[in-house]
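Protein chains in written order, with the working numbering: chain G, -9 to 396; chain Z, -9 to 396.
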């Protein structure tokens, strides 16, 4: 079994009302067991179109995975389309029908009850994967070239069934090697990684960017795990200090882990990032061992009353300044009584900028014991959320580097 | 021109390394000008596969929009595949070549320089859309049935070019009617909406769920704007107080807008939500007119020192309790000197739960002038981020309802 196709069924996908995330998840899983995905198609809830897509992909690919369209409504056409595409009849399975009967009976109208029971129609010759969290079972049917798998659309229902389908496909390629990279642009990370990979053929590079944070992924084109490992080491060596993780850990998780191991307690004071930094740190289970809290001092008066920033500094230098960033970090460290604190104060836009203090200007403060430091960044015009996200990554990296120095 | 297909080119899409967002965005735009998208396919960076997909979609659909694969690297195969699929040669365009020459000359190696210049290869008969932010131009070529558009992959480059392609396709359906709904599950919202739509044929319903917040979208299957409006009114009537917006505004934006109009200043105190509530409120441009700040009192000591929660209450009732939720809200209101404040304190999991206080238990406090109220919710097992997101929606809705009462 070598080739695969993914078909995601649902009109909302081709009307642009929902982003298709199943394809990405299923593609990762199929690639991980050594299959090559030739195409991934989204198609509307239309029997004619889906039947065509199925005929084509079944003829072309060894494994075809279909998600969606297995529910009880008139728009759920996957069973019918598969029946047409394979030329195989649908038969009511009495065991599944009896499992669905209590749900069917909740419906007053007989047509609605019958609709529920259509989920018990099974293609002749199919293996049934019983529903685990939803109502529709999955169906796995042999085809000329290999296998057709019909799975429910909702990811939580699809996931365990996909795992069952893939059991026994034992052509494992090594899992992709991932690393988290901070402080480098996507193109700089890509250039460095590509240069390092020149001595490592058979490894494909993908670089995914988020504001201020880049994920580098190396995929082996063979089953050579040692070769992939050597390539990953070479890339990590080239990227140096910018690599914060050699797996898919988030930057926040690395900070929390490093702080816990170093016995360091942390707090923060935020203005323009408005709580996003604290939210990132507290998204990590176990953050409470390390993180005391955050003062989101959004208005100037709160900077004074909550974290003791002197009014004088706010008046003389303004909220977005080295002086206030330092005072915010020092104040948070005192108020929360921690070892290390970080502050953010800046202009996320779209309004609020000026010639001297443009949108994208953000000051960061660090207070570490008796020491305190301030850093100025001028982020490009990347939108309010982009500037806030970029600032969170920068602040997390400041914490990471400060903890490493202890 | 009636039918369309979307083709997104890139191996990272079929390897599951990047989620395809272009399809969703382009599908929305195509539907908005009255086109029906028959299929949306992602395909690897392979000339043979892409040529096949193009041949098929060009034969089937009036408009085919392709994104990706127009760059300067060996993996960029879109121009070549389109040339093969259409049987039309590629010709070097001297004007575009001269625009790219400065970039090509930055490369020391002649092969790299030549690769850059391949972006000046144009299909005979194509209209060129000059690059606005990137380097690769878009190409629009007449086909047997209509049009093939080749656009760059990066959304910021693709977007303005897509707009140019769609100028002049004047079959406007009314834009979908959207509404934001809070406090109803996805299935309850769907049932209510469906019942309301029984008297409004020709309108399709899509319901998209996020934790605690549901988006209801109505799409007209014709050009009848009045009919769509009447259907939207009927659905909004059925959903009643749960409708927080009759457009795609976020719940946070509605709260900030309502607070501004009512002249109400707001602050919050968070524990388990860890800054997410403040982040949601501050994501709204202009939040500073209304929002003073937030105390993320993550550890118990911070609840006492930052927002004056009496140690006695923490000892007797624990952090996750009616008493502490009230004290947090009242304390935040005083410390930030605002009109209205909300607090969250709960157990987001995965650890920290017990028989009496299980994961998913969250208390919310509201302090409004002299009044204060507490609300208890027991969210189902939906993961740490699910419980936090659900809590943020609930807290925002408490604010929304409280402001409406003033």
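Idealized CB from N, CA, C, for every residue including glycine.
### Query
What residues from the region 26 to 40 of chain Z come within 9 Å of chain A, judged by C-beta to C-beta, listed N to C?
In the structure shown, chain A cannot be found, because the protein chains are G and Z.
### Query
In whole angstroms, what is the alpha-carbon distance linking residue 321 of chain G and residue 297 of chain G?
Locating residue 321 of chain G in the first chain gives position 331, counting from the first residue. Locating residue 297 of chain G in the first chain gives position 307, counting from the first residue. Each residue's Cα considered, the two are about 5 Å apart.
### Query
Does the region 167 to 187 of chain Z touch the region 234 to 251 of chain Z, meaning 3 or more C-beta pairs lie closer than 8 Å?
yes
### Message
Considering only the alpha carbon of each residue, which of Z/41, Z/175 and Z/134 lies closest to residue 67 of chain Z?
### Response
If you number the second chain from 1, residue 67 of chain Z lands on position 77. The option with the nearest alpha carbon to residue 67 of chain Z is Z/41.
### Task
Under 9 Å between beta-carbons, which chain G residues line up against residue 285 of chain Z? List them in chain order, please.
On the second chain, residue 285 of chain Z is found 295 positions in, with the first residue counted as 1. Within chain G, the residues near residue 285 of chain Z are 283, 284, 285, 286 and 296.
### Task
Give the DSSP-derived three-state secondary structure of residue 223 of chain G in the structure shown.
The sequence position of residue 223 of chain G within the first chain is 233, counting from 1. Residue 223 of chain G falls in the helix class under three-state DSSP.
### Message
Counting C-beta neighbours from all protein chains within 10 Å, is the total for residue 102 of chain Z 16 or more, i.e. buried, or is it exposed?
### Response
Position 112 of the second chain, counting from 1, holds the residue named residue 102 of chain Z. Classification for residue 102 of chain Z: exposed.
### Task
Please name the residue or residues paired with residue 363 of chain G in a DSSP beta bridge.
Translated into the one-based positions of the first chain, residue 363 of chain G becomes position 373. In the DSSP output, where bridge partners are listed per residue, residue 363 of chain G has G/356.
### Query
Alpha carbon to alpha carbon, what distance is there between residue 363 of chain G and residue 338 of chain G?
Here residue 338 of chain G corresponds to residue number 348 of the first chain, with the count starting at 1. Here residue 363 of chain G corresponds to residue number 373 of the first chain, with the count starting at 1. Cα-Cα distance, rounded: 22 Å.
### Query
Taking C-alpha atoms, which residue in Z/254, Z/263 and Z/271 lies nearest to residue 268 of chain G?
For the purposes of this step, residue 268 of chain G is taken as residue 278 along the first chain, with counting starting at 1. Out of Z/254, Z/263 and Z/271, Z/263 has the C-alpha closest to the C-alpha of residue 268 of chain G.
### Query
Does the distance from the C-beta atom of residue 330 of chain G to that of residue 389 of chain G stay below 8 Å?
On the first chain, residue 330 of chain G is found 340 positions in, with the first residue counted as 1. On the first chain, residue 389 of chain G is found 399 positions in, with the first residue counted as 1. Their beta carbons are under 8 Å apart, which means residue 330 of chain G touches residue 389 of chain G by this criterion.
#### Entry: Beta-carbon gap between residue 290 of chain Z and residue 304 of chain Z smaller than 8 Å
Taking the first residue of the second chain as position 1, residue 290 of chain Z is located at position 300. Taking the first residue of the second chain as position 1, residue 304 of chain Z is located at position 314. Yes, these two residues count as a Cβ contact at 8 Å.
### Task
Rounded to whole angstroms, what's the CA-CA distance from residue 395 of chain Z to residue 323 of chain Z? Just pull it up for me.
Within the second chain, residue 395 of chain Z is the residue found at index 405, counting from 1. Within the second chain, residue 323 of chain Z is the residue found at index 333, counting from 1. One C-alpha to the other measures close to 18 Å.
### Task
Can you check DSSP and say which residues form a bridge with residue 168 of chain G?
Position 178 of the first chain, counted from the first residue, corresponds to residue 168 of chain G. Note: residue 168 of chain G sits in a beta bridge opposite G/207.
### Message
DSSP has residue 117 of chain G in a bridge; who is on the other side?
### Response
Translated into the one-based positions of the first chain, residue 117 of chain G becomes position 127. DSSP, once it has assigned bridges, lists G/130 as partnering residue 117 of chain G.
### Query
chain Z beta carbons: is any one of them nearer than 8 Å to that of residue 188 of chain G?
Locating residue 188 of chain G in the first chain gives position 198, counting from the first residue. Cβ-Cβ to chain Z under 8 Å: no for residue 188 of chain G.
### Query
What does DSSP give as the partner residues of residue 333 of chain G in its beta bridges?
Residue numbering aside, residue 333 of chain G sits at position 343 when the first chain is read from its first letter. G/259 and G/355, per the DSSP bridge assignment.
### Message
Check this for me: beta carbons of residue 286 of chain Z and residue 260 of chain Z, under 8 Å apart or not?
### Response
For the purposes of this step, residue 286 of chain Z is taken as the residue at position 296 of the second chain. For the purposes of this step, residue 260 of chain Z is taken as the residue at position 270 of the second chain. Their beta carbons are under 8 Å apart, which means residue 286 of chain Z touches residue 260 of chain Z by this criterion.
### Task
Taking a Cβ distance cut-off of 8 Å, strictly less, list which residues of the region 319 to 336 of chain G are near chain Z, in chain order.
325, 326 and 327
### Query
Taking Cβ to Cβ, would you say residue 138 of chain G is nearer than 8 Å to residue 72 of chain G?
For the purposes of this step, residue 138 of chain G is taken as residue 148 along the first chain, with counting starting at 1. For the purposes of this step, residue 72 of chain G is taken as residue 82 along the first chain, with counting starting at 1. Yes, the Cβ-Cβ distance between residue 138 of chain G and residue 72 of chain G is below 8 Å.
### Task
Name the residue from G/222, G/281, G/251 and G/373 whose alpha carbon lies nearest to the alpha carbon of residue 348 of chain G.
On the first chain, residue 348 of chain G is found 358 positions in, with the first residue counted as 1. Ranking G/222, G/281, G/251 and G/373 by Cα distance to residue 348 of chain G puts G/373 first.
### Query
Taking Cβ positions only, does residue 207 of chain G come closer than 8 Å to chain Z?
Translated into positions along the first chain, residue 207 of chain G becomes position 217. Yes, because at least one Cβ of chain Z sits closer than 8 Å to the Cβ of residue 207 of chain G.
### Task
Could you please give the first and the last residue of the uninterrupted beta strand (DSSP E) stretch that includes residue 29 of chain Z?
As a working mapping, residue 29 of chain Z is identified with position 39 in the second chain. From DSSP, the beta strand (DSSP E) with residue 29 of chain Z extends over 26 to 33.
### Message
Run through chain G and tell me which residues come within less than 7 Å of residue 272 of chain Z, C-beta to C-beta.
### Response
Within the second chain, the letter at position 282 stands for residue 272 of chain Z. Result: 264, 265 and 288.
#### Entry: Beta-bridge pairing of residue 198 of chain G - partner residues as DSSP gives them
Within the first chain, residue 198 of chain G is the residue found at index 208, counting from 1. In DSSP, residue 198 of chain G forms a bridge with G/205.
### Task
Would you kindly work out how many angstroms separate the C-alpha atoms of residue 334 of chain G and residue 352 of chain G, rounded to a whole number?
Counting from one through the first chain, the residue named residue 334 of chain G turns up at place 344. Counting from one through the first chain, the residue named residue 352 of chain G turns up at place 362. Computed Cα separation, rounded: 7 Å.
### Query
At least one CB of chain Z closer than 8 Å to the CB of residue 308 of chain G: is that the case?
For the purposes of this step, residue 308 of chain G is taken as residue 318 along the first chain, with counting starting at 1. By this cut-off, residue 308 of chain G is not an interface position.
### Task
Go to residue 281 of chain G, then tell me how far its beta strand (DSSP E) extends in each direction, as first and last residue.
Translated into positions along the first chain, residue 281 of chain G becomes position 291. Per DSSP, residue 281 of chain G belongs to the beta strand (DSSP E) from 281 to 286.
### Residues in the region 335 to 352 of chain Z having any Cβ partner in chain G nearer than 9 Å
338, 339, 340, 341 and 342
### Query
According to the Cβ coordinates, are residue 28 of chain Z and residue -7 of chain Z closer than 8 Å?
On the second chain, position 38 is the one that residue 28 of chain Z refers to. On the second chain, position 3 is the one that residue -7 of chain Z refers to. It is a contact, given that the beta carbons lie within the stated cut-off.
### Task
Apply the 10 Å Cβ neighbour rule to residue 104 of chain Z and answer buried if 16 or more other Cβ atoms are within range, or exposed otherwise.
Counting from one through the second chain, the residue named residue 104 of chain Z turns up at place 114. Looking at its Cβ environment, which holds fewer than 16 other Cβ atoms inside 10 Å, residue 104 of chain Z is exposed.
### Message
Cβ closer than 7 Å: which chain Z residues qualify as neighbours of residue 275 of chain G?
### Response
Within the first chain, numbered from 1, the residue matching residue 275 of chain G stands at position 285. In chain order: 340, 341 and 374.
### Task
Compare the beta carbon distance of residue 318 of chain Z and residue 355 of chain Z with 8 Å and say whether it is the shorter of the two.
Taking the second chain and counting its residues from 1, the one referred to as residue 318 of chain Z is at position 328. Taking the second chain and counting its residues from 1, the one referred to as residue 355 of chain Z is at position 365. Contact: yes.
### Query
Cα separation between residue 43 of chain G and residue 133 of chain G?
Numbered from 1 along the first chain, position 53 holds the residue referred to as residue 43 of chain G. Numbered from 1 along the first chain, position 143 holds the residue referred to as residue 133 of chain G. Each residue's alpha carbon lies about 15 Å from the other.
### Query
In this structure, what does DSSP give as the bridge partners for residue 272 of chain Z?
Here residue 272 of chain Z refers to the residue found at position 282 when the second chain is read from its first residue. Answer is none; residue 272 of chain Z lacks a bridge partner.
### Task
Take residue 119 of chain Z as the anchor and find which of Z/112, Z/279 and Z/129 has the nearest alpha-carbon.
Here residue 119 of chain Z refers to the residue found at position 129 when the second chain is read from its first residue. Ranking the options by Cα distance to residue 119 of chain Z, first place goes to Z/129.
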